[in-house]
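Student:
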Amino acid sequence: MKVALSMWSVHKYYFDGIWSVLDFLDFASSTKATGVELLSIFWRDQEKELPLVDEALKKHQLHVSSYAACNNFVSADAEYRNAQLKEVIDAVDMAVHFGINIVRVFTGDLPHDQSITYEEGIGYVLEGLSGAAKYAEEKGVLLCIENHGLFAGRSDQVIDVIQKVGSPALKSTFDTGNFLLVGQNPNDAVVELKDYIRHVHVKDFLKTEVEEPGHTLRALTGDLYLGKIPGDGEVDLAYLFSELNGNNYEGWLVVEFEGSEEPTEGSVISVDYVANLVESVLT
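Just so we're aligned: 65 in numbering that gives the first Met the number 0 is position 66 of the sequence shown, and the numbers increase by one with no gaps anywhere.
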């Protein structure tokens, strides 16, 4: 198992207009991470930046662990759904460019106005992922569904979507923290998903009574969770890593820091913790 850092860990600096992908790569090279996860939403001028990113990856001897699409198939607007399909197809092409075979995908979220039923929404999800998986299979790329939201938050939902699409190109991105947000113990989920996990996001949460905008999330149970540095929350990462190792998982563990600490500081501590934990699990 290898440790990577997701650019999402420092998304604040991108959205504040301070950092680009190149700045992230410079920073990532100073951590113990040997890989990076790049996301589709973090390009300002992809055509101009991509050759520079390729050069920076070589300069810093960093691998691209995975490429993350930011899609939402749940919409009654067919044109919008087609755009979301293109989002995933473009992400597959980017994976091919970087010489990797992992693309993180989402299912989608219900609109806040509840104009779409759950049944309609899951139909749109299956339609979109079926089309995307067909393209990914042709390109030798795996689409890995992150457990996130109402349609694929729990392990049984992830498995149901994968089985209904029925493509060998559709697998699981196992997000260690997100299961808490749907009332599921990650320890149970890792066992249930063991045959499907091809990609892992490492994050941690701690139940809290105090809301911190930008750092706390409301679970489906109504509980409030605060993003934490891995090891400081409720997720038993030692158990999860041991299970993954026992299942012969040899892929990336992608740190996705979502704590309230300063992003670079939190990311460095998070990567250090995960790298040390991996070493202890493997020895």
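The beta-carbon is built from N, C-alpha and C at its ideal position, and this holds for glycine as well.
Residues in the same chain with beta-carbon distance under 6 Å from residue 286, minus the five sequence neighbours each way, listed in chain order, please.
Tutor: No answer is possible for residue 286: the residues shown for the chain start at 0 and end at 282.
Student: Out of 275, 253, 211, 194, which has the shortest C-alpha to C-alpha gap to residue 7?
Tutor: Your numbering for residue 7 matches position 8 in the sequence shown. Closest by alpha carbon: 253.
Student: Pick out whichever of 72, 257, 279 has its Cα sitting closest to the Cα of residue 175.
Tutor: Counting from 1 along the sequence shown, the entry for residue 175 is found at position 176. Cα-wise, what sits closest to residue 175 is 257.
Student: Pick helix, strand or coil for residue 219, following the three-state DSSP scheme.
Tutor: Within the sequence shown, the letter at position 220 stands for residue 219. It is coil, neither helix nor strand.
Student: Could you check how far apart the C-beta atoms of residue 48 and residue 67 are, in whole angstroms? I think they sit under 8 Å.
Tutor: Taking the first residue of the sequence shown as 1, we reach residue 48 at position 49. Taking the first residue of the sequence shown as 1, we reach residue 67 at position 68. With 8 Å as the limit, residue 48 and residue 67 do not qualify as a contact, their Cβ atoms being about 16 Å apart.
Student: How is the alpha helix (DSSP H) around residue 145 delimited, first residue to last?
Tutor: For this step, residue 145 is matched to residue 146 along the sequence shown. Not the alpha helix (DSSP H): residue 145 falls in the beta strand (DSSP E), residues 141-145.
Student: Quick check: what's the CA-CA separation for residue 121 versus residue 106?
Tutor: Here the question's residue 121 lines up with position 122 in the sequence shown. Here the question's residue 106 lines up with position 107 in the sequence shown. Taking the straight line from one Cα to the other gives about 8 Å.
Student: If I'm right that residue 218 touches residue 179 with Cβ under 8 Å, what's the distance once you round it to whole angstroms?
Tutor: The count along the sequence shown starts at 1 and reaches residue 218 at position 219. The count along the sequence shown starts at 1 and reaches residue 179 at position 180. At roughly 7 Å, the Cβ-Cβ gap stays under 8 Å, so residue 218 and residue 179 are in contact.
Student: Ignore the nearest five residues each way along the sequence and tell me which others in residue 235's own chain have a CB closer than 8 Å to its CB.
Tutor: Taking the sequence shown and counting its residues from 1, the one referred to as residue 235 is at position 236. Cβ-Cβ distances below 8 Å link residue 235 to 185, 186 in the same chain, with the five nearest sequence neighbours on each side left out; the list follows chain order.
Student: Just to check my reading of the structure: residue 232 and residue 0 have Cβ atoms closer than 8 Å, yes? What is that Cβ distance to the nearest angstrom?
Tutor: Here the question's residue 232 lines up with position 233 in the sequence shown. Here the question's residue 0 lines up with position 1 in the sequence shown. In fact, because the Cβ distance is near 20 Å, the residues do not count as touching under 8 Å.
Student: Tell me the DSSP secondary structure of residue 163 in three-state form.
Tutor: Here residue 163 corresponds to residue number 164 of the sequence shown, with the count starting at 1. DSSP places residue 163 in helix when its eight states are reduced to three.
Student: Rounding to the nearest angstrom, what Cα-Cα distance links residue 265 and residue 228 in this structure?
Tutor: Translated into the one-based positions of the sequence shown, residue 265 becomes position 266. Translated into the one-based positions of the sequence shown, residue 228 becomes position 229. Looking at the two C-alpha atoms, the distance is approximately 6 Å.
Student: Would you mind listing the beta strand (DSSP E) stretches within the segment 165-244 that are 3+ residues and don't spill past its ends, in chain order?
Tutor: Correct list: 169-174, 196-201, 203-207, 215-217, 223-227.
Student: Is the beta carbon of residue 127 sitting closer than 8 Å to the one on residue 84?
Tutor: Counting from one through the sequence shown, the residue named residue 127 turns up at place 128. Counting from one through the sequence shown, the residue named residue 84 turns up at place 85. Contact flag set, yes.
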